[in-house]
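Here the protein sequences come in this chain order: F and H. Using our numbering, the letters of the first sequence map in sequence onto residues 27 to 117. Using our numbering, the letters of the second sequence map in sequence onto residues -9 to 186. Quick notes on the structure that follows.
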Amino acid sequence: MGLARTCAAASMVTVAWAADLARACPSCASPLEENRQAFVDTTIFLTVVPLMMFGGFIWWLRRKTREMDQAPEIPVRESLLRDAGPFGKGR
Amino acid sequence: MPDDALGRPYGVPMRREPVLPNGVLGMLLFVATEVMFFSGLISAFVIGKSNAIGGWPPPGQPRLPIEETALNTAALLASGVALYFANRAFKRGDAKTKRLLFISIALGGFFVVFQGAEWAALIGEGLTLTSGQLGGFFYLLVGTHALHVVVGFIILLYTYRKLSHDELDRFTFWPAQIFWYFVVGVWPILYWQVYL
Chain F
27 MGLARTCAAA SMVTVAWAAD LARACPSCAS PLEENRQAFV DTTIFLTVVP LMMFGGFIWW
87 LRRKTREMDQ APEIPVRESL LRDAGPFGKG R
Chain H
-9 MPDDALGRPY GVPMRREPVL PNGVLGMLLF VATEVMFFSG LISAFVIGKS NAIGGWPPPG
51 QPRLPIEETA LNTAALLASG VALYFANRAF KRGDAKTKRL LFISIALGGF FVVFQGAEWA
111 ALIGEGLTLT SGQLGGFFYL LVGTHALHVV VGFIILLYTY RKLSHDELDR FTFWPAQIFW
171 YFVVGVWPIL YWQVYL
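This is the structure:
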């Protein structure tokens, strides 16, 4: 376990060091402070937006599912369920 | 037919509707990709703007009509509000649905026509797609949004037609609303970034 953690930490340091060597930072070379800040802001923005979208959707789905689990169910005749697919409870 | 202990008829299985209709799920996934697409465009614009030598907007380029577009923004937001109330009326089975949906479509149409007139004036002033960074970004961002407004407008017309024929159901209306709310919601961000 200890060896695995050491390897993981060493890998992270290596990756960070390699990125610096490769100058893989698009804003680091820019002399404009505003430009560097824009890169940081847009990176945060593009990271947060999908997380919020999917997080929000999963939260909403959980809430809706719980609501539906607690709601009283209405019996439906077998003849109406013929093309209903897998949604019929107990089918 | 005899009933069970809960009063339900025997031989009749229970069934419930899916949490999310397929059309709505599909539209949500589509809108999620659109959100990322617009996020990418806006990010590119923000970086381009911050990189501009000599400030933004670049000197020698026409000014964008801020006040007139504010009015147009209000029209598009009002269209979204009208659609929201149309949906509420639709859920109640209210006859006002048709009128509210018409108002929403008319305001959307107004936005498109106004944008067209604005573009014609800007092209006349020399702001084109190739005239510089401002023109390139302006037509890319605002043009992409305008294309979405036109598509949303057509979708709303389709729902209006279905409503007129008494064929509109919530499985059709709901995805149409999601798309229109997206179109309405993204515009103030574009206005803030591009015009202000």
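Think of the CB as a built atom: it goes at the ideal place given N, C-alpha and C, for glycine as much as any other residue.
1. Using CA atoms only, rank isn't needed, just tell me which of H:Phe172, H:Trp177, H:Gly30 and H:Tyr74 is closest to Phe101 (chain H).
2. Under DSSP, the alpha helix (DSSP H) around His135 (chain H) begins and ends at which residues?
3. So with CB distances below 9 Å, who are the chain H contacts of Val75 (chain F)?
4. How about Ala166 (chain H) and Ile145 (chain H): do their beta carbons lie closer than 7 Å?
5. Take Tyr129 (chain H) as the anchor and find which of H:Gly70, H:Thr118 and H:Val139 has the nearest alpha-carbon.
6. Any C-beta of chain H sitting closer than 7 Å to the C-beta of Leu72 (chain F)?
7. Count Cβ pairs between the segment 13 to 21 of chain H and the segment 146 to 164 of chain H that sit closer than 8 Å; are there 3 or more?
8. Give me the Cα-Cα distance between Phe80 (chain F) and Thr23 (chain H), rounded to the nearest whole angstrom.
9. Given that a residue counts as buried once 16 or more other Cβ atoms are within 10 Å of its Cβ, and exposed if not, what is Gln105 (chain H)?
10. Does the beta-carbon of His155 (chain H) have 16 or more other beta-carbons within 10 angstroms, so that it is buried, or is it exposed?
11. Does DSSP classify Gln51 (chain H) as helix, strand or coil?
12. Under 6 Å Cβ to Cβ from Arg117 (chain F), same chain only, skipping five residues before and after it: list those, please.
13. The alpha helix (DSSP H) spanning Gly116 (chain H) covers which residue range?
14. Check whether the Cβ of Glu7 (chain F) lies closer than 7 Å to any Cβ atom in chain H.
15. From what residue to what residue does the alpha helix (DSSP H) around Pro76 (chain F) run?
16. By the three-class DSSP mapping on this structure, what secondary structure does Trp177 (chain H) have?
17. Would you call Val174 (chain H) buried or exposed, if buried means 16 or more other Cβ atoms sit within 10 Å of its Cβ?
18. Using C-beta distances below 6 Å, list every residue in its chain close to Val132 (chain H), excluding the 5 sequence neighbours before and after it, in chain order.
19. Looking only at C-alpha atoms, which of H:Leu31, H:Val9 and H:Ala72 sits nearest to Arg88 (chain F)?
20. Considering only the beta carbon of each residue, do Lys88 (chain H) and Leu153 (chain H) sit closer than 7 Å?
21. Residues in the segment 33 to 59 of chain H with C-beta within 7 Å of chain F's C-beta atoms, listed in sequence order?
22. What residues from chain H crowd round Thr68 (chain F), counting only those whose CB sits closer than 7 Å?
23. Any beta carbon of chain F sitting closer than 7 Å to that of Ala22 (chain H)?
24. Please identify the residue among H:Val184, H:Phe172 and H:Asp84 whose C-alpha is closest to the C-alpha of Leu67 (chain H).
In short:
1. Among H:Phe172, H:Trp177, H:Gly30 and H:Tyr74, the Cα nearest to that of Phe101 (chain H) is on H:Trp177.
2. Looking at the DSSP string, the run of the alpha helix (DSSP H) that includes His135 (chain H) is Gln123 to Ser154.
3. The contacting residues are Val25, Met26 and Ser29.
4. yes
5. H:Thr118
6. yes
7. Touching, yes.
8. 11 Å
9. buried
10. That one is exposed.
11. coil
12. Its pLDDT being 42, under 50, Arg117 (chain F) is placed unreliably by the model, and the measurement read from it follows with that caveat. Taken in chain order, the list of residues that qualify is empty.
13. Where Gly116 (chain H) is concerned, there is no enclosing alpha helix (DSSP H), given that its DSSP letter is neither H nor E.
14. Residue 7 (chain F) lies beyond the range of chain F shown here (27 to 117); nothing can be said about it.
15. Taken as a continuous stretch (DSSP letters only), the alpha helix (DSSP H) holding Pro76 (chain F) covers Glu59 to Gln96.
16. Looking at Trp177 (chain H) - three-state DSSP - the assignment turns out to be helix.
17. Val174 (chain H) comes out buried.
18. none
19. H:Val9
20. Inclusion of Lys88 (chain H) and Leu153 (chain H) in the CB contact set at 7 Å is warranted, their separation being smaller than that value.
21. So the list reads Ser33, Val36, Ile37, Ser40 and Asn41, given in the order they occur along the chain.
22. Those within 7 Å of Thr68 (chain F) in chain H are Ser33, Val36 and Ile37.
23. yes
24. H:Phe172
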